[in-house]
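**Q** If you're matching positions, the sequence shown starts at 4 in my numbering and goes up one per residue. Have a look at this one before I ask anything.
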Amino acid sequence: MTDLNTLTIAEARDGLRARRFSAVELTEACLAAIDRADALNAVTTKTHDRARAMAAAADARLAAGDAPDLCGVPIGVKDLFCTEGVRSQAASDILRDFLPPYESTVTAKLWAEGAVMAAKLNMDEFAMGSSNETSCYGPVASPWRRPGDNRPLTPGGSSGGSAAAVAADLCLGAVGTDTGGSIRQPAAFTGIVGIKPTYGRCSRWGIVAFASSLDQAGPMTKTVRDAAIMLKAMSGEDPKDSTSAPLEVPDFEAALTGDVRGRRIGVPKEYRLDGMPPEIEALWEKGRAMLADAGAEIVEISLPHTKYALPAYYIIAPAEASSNLARYDGVRYGLRADLKGSEGVTDLYERTRAEGFGAEVRRRVMIGAYVLSAGYYDAYYLRAQKVRTLIKRDFEQAFEAGVDAILTPATPSAAFALGEIGGDDPVKMYLNDVFTVTVNLAGLPAISVPAGLSAEGLPLGLQLIGKPWGEAALLNDATAIERAAAFVARPDRWW
């Protein structure tokens, strides 16, 4: 079989256990697809030798009857995750050729389940971006294109390489991270499923930090069922991460009945933005109708502080980034600027960071340092944290009033062309996060599900937001949308 890479994780699991094909054969199909897809620039490091060894070990486990759900399944890894002995540089020159001597907890959990590391995947530098154009490796091109238009489209960001790799069948699933929408937005742009779990569901240990109170790892997959399978393997308490929750991990897949009868789904009126494209409004209405037809009750709700979410996020996230990125000084590891002509250690720091950080990272570090500085801390950072508390309270009140989940668009538009947005006005790019940042500020779980196509034939996604630790119910709600939408569109191969 030459098209094994097009399988879902669930299909591959069943096929491997039935011995219809081997993990080695499945892995070779993905490695061949990776080698044919250089035009996408989704892969930063090919790990063929390691993948083949892991696949052989998986086959041995399968033969012995010791086969967890992910045993033998090729998974792509965002470059933000430290992988022992494999280049992990967060798409930044300042971590050029960094080889971690340790494994992130999330990837270690996946490898313990028998998953195969197919490749390391491209991303925005330090996860700062919404289009995968800030990477030191260069931008990722989406496998999707507008009909009759050869301009490359963004796969979204920051997990753009993960999204493109899954959508192009380079791997059966991928791990991403979500700080303000970096799993859900690229999932919506590329027609796949992406879930950001509750903050603390997955360990952050071994993931290069952007904004520590917002970052969370999650799976990016072809189906909701696959997301449930991966999320179970990735989740759990970690003594190395004090923010990981000491909670038992549910069997998320077992919750996928698709029965949403009696569920109350909130529709926030504040998400109806001025200038929202008609096709986004139509998709949202379609989502409401699909859930209602499945037996859910649709209720309008108010999240009154939503309008303050984006400015609050772009104060808090840069503030945390400026603190986290202070460790990159050119002394301990990573890039060190040429010492010739150096005037001391301060000069070394400044030159290293100027050379190693890209423009967007430098912009956010400067914003963060500014809002944390004496005289401005109270005016900006402290006020943004108070707004964050109000946003979290809005969600709590909605759930306390009997709402079980909240339905919104995932993005304000379909994917745009590389270079089309941003330029001299970065705020235009930041607006891509308008529907997603509230979830990170409140620490809630949320999922993006492909639900339709734009007028230009590009994927559009719907977002469901759940209660804290309610991923099982959230995934079931998403299953109802997935079944009703019956999204089967695939990009035409051009790469």
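Backbone N, C-alpha and C fix where the C-beta goes; we use that ideal spot for every residue, glycine too. Please read these numbers as outputs of a predicted model, since none were measured by experiment.
What does the Cβ neighbour count give for Asn44, buried or exposed, with the cut at 16 atoms within 10 Å?
**A** Asn44 is buried by the Cβ-count criterion.
**Q** Would Pro158 and Phe192 qualify as a contact pair, given that the criterion is a beta-carbon distance under 8 Å?
**A** Yes, these two residues count as a Cβ contact at 8 Å.
**Q** Does DSSP put Cys174 in a helix, in a strand, or in coil?
**A** Residue state, collapsed to three classes: coil.
**Q** Examine the Cβ distances between the segment 96 to 111 and the segment 149 to 163 and report whether three or more of them are shorter than 8 Å.
**A** As far as the Cβ criterion goes, the segment 96 to 111 does not touch the segment 149 to 163, which means the pair count is below three.
**Q** From which residue to which residue does the beta strand (DSSP E) around Val119 run?
**A** Note, Val119: beta strand (DSSP E), Val119 to Leu124.
**Q** Span of the alpha helix (DSSP H) holding Gln219?
**A** Run containing Gln219: none; DSSP gives neither H nor E here.
**Q** Tell me the residue span of the alpha helix (DSSP H) that contains Leu467.
**A** No alpha helix (DSSP H) holds Leu467; the beta strand (DSSP E) holding it covers Pro462 to Gly469.
**Q** Taking one C-beta from the segment 249 to 261 and one from the segment 463 to 470 each time, how about it: are there three or more such pairs within less than 8 Å?
**A** Flag = no, the segment 249 to 261 and the segment 463 to 470 do not touch.
**Q** What residue from Val440, Tyr311 and Lys235 has the CA that sits closest to Leu113's CA?
**A** Residue Lys235 is the option with its Cα nearest to Leu113.
**Q** What residues match up with Phe84 in a beta bridge as DSSP calls it?
**A** According to DSSP, which records beta bridges pairwise, Phe84 is partnered with Ile210.
**Q** Roughly how many angstroms lie between the CA atoms of Ala56 and Lys389, to the nearest whole one?
**A** Their backbone Cα atoms lie some 51 Å apart in a straight line.
**Q** Tell me whether the segment 403 to 419 and the segment 255 to 271 touch, counting them as touching only if at least three CB pairs, one residue from each stretch, are closer than 8 Å.
**A** In short, these stretches touch, since the Cβ pair count reaches three.
**Q** Since Leu313 and Asp436 are thought to touch, with beta carbons under 8 Å apart, how far apart are those beta carbons, to the nearest angstrom?
**A** About 7 Å separates the two Cβ atoms, so the contact holds.
**Q** Is the beta carbon of Ala122 closer than 8 Å to that of Cys174?
**A** Their beta carbons are under 8 Å apart, which means Cys174 touches Ala122 by this criterion.
**Q** Comparing C-alpha positions only, which one of Glu485, Arg23 and Asp6 sits nearest to Leu259?
**A** Taking only the C-alpha atoms, the option nearest Leu259 is Glu485.
**Q** Using the Cβ count rule (16 or more neighbours within 10 Å means buried), how would you classify Pro453?
**A** Classification of Pro453: buried, given that the 10 Å Cβ count is 16 or more.
**Q** Tell me the residue span of the alpha helix (DSSP H) that contains Pro321.
**A** From DSSP, the alpha helix (DSSP H) with Pro321 extends over Ala312 to Asn327.
**Q** Report the CB separation of Gly194 from Ala483 in whole angstroms; it is logged as a contact under 8 Å.
**A** About 18 Å separates the two Cβ atoms, so there is no contact after all.
**Q** Quick one, are the C-beta atoms of Ser165 and Lys81 less than 8 Å apart?
**A** Yes.
**Q** On the criterion of 16 or more Cβ atoms from any shown chain inside 10 Å, does Gly79 qualify as buried, or is it exposed?
**A** Result: buried.
**Q** Note down, one range per segment and in chain order, each alpha helix (DSSP H) of at least 4 residues found wholly within the segment 381 to 462.
**A** You should have 386 to 403, 429 to 433 and 440 to 445.
**Q** Does Asn153 pass the burial test, meaning 16 or more other C-beta atoms within 10 Å, or should it be called exposed?
**A** It is exposed - the Cβ of Asn153 has fewer than 16 other Cβ atoms within 10 Å.
**Q** Going by the C-beta, is Ala45 closer than 7 Å to any heavy atom of the ligand PLP?
**A** The ligand content of the structure shown is nil, which means the ligand PLP is not present either.
**Q** Nearest-angstrom Cα distance between Tyr274 and Arg396?
**A** About 17 Å.
**Q** Tell me which residues share the same chain as Tyr140 and place their Cβ nearer than 7 Å to its Cβ, disregarding the 5 neighbours each side in the sequence.
**A** Here the set comprises Asn44, Thr47, Ala94 and Asn125.
**Q** Between Leu19 and Ser457, what straight-line distance do the alpha-carbon atoms span, to the nearest angstrom?
**A** Near 36 Å, if we compare the C-alpha coordinates of Ser457 and Leu19.
**Q** Can you give, in chain order, each stretch of the beta strand (DSSP E) that sits fully within the segment 20 to 56 and has at least 3 residues?
**A** You should have 46 to 49.
**Q** If you follow the alpha helix (DSSP H) that Arg354 is part of, which residue opens it and which one closes it?
**A** Its alpha helix (DSSP H) spans residues Val348 to Gly359.
**Q** Going by beta carbon distance, what residues of the same chain come within less than 7 Å of Lys272, once the five residues before and after it are set aside?
**A** Excluding sequence neighbours, Lys272 sits near Glu303 and Ser305.
**Q** Report the three-state DSSP secondary structure of Ser238 (helix, strand or coil).
**A** Three-state DSSP puts Ser238 in a strand.
**Q** Looking only at its own chain, which residues have a Cβ that is under 6 Å from the Cβ of Ala487, when we skip the five neighbours before and after it?
**A** Cβ within range, chain order: Met293.
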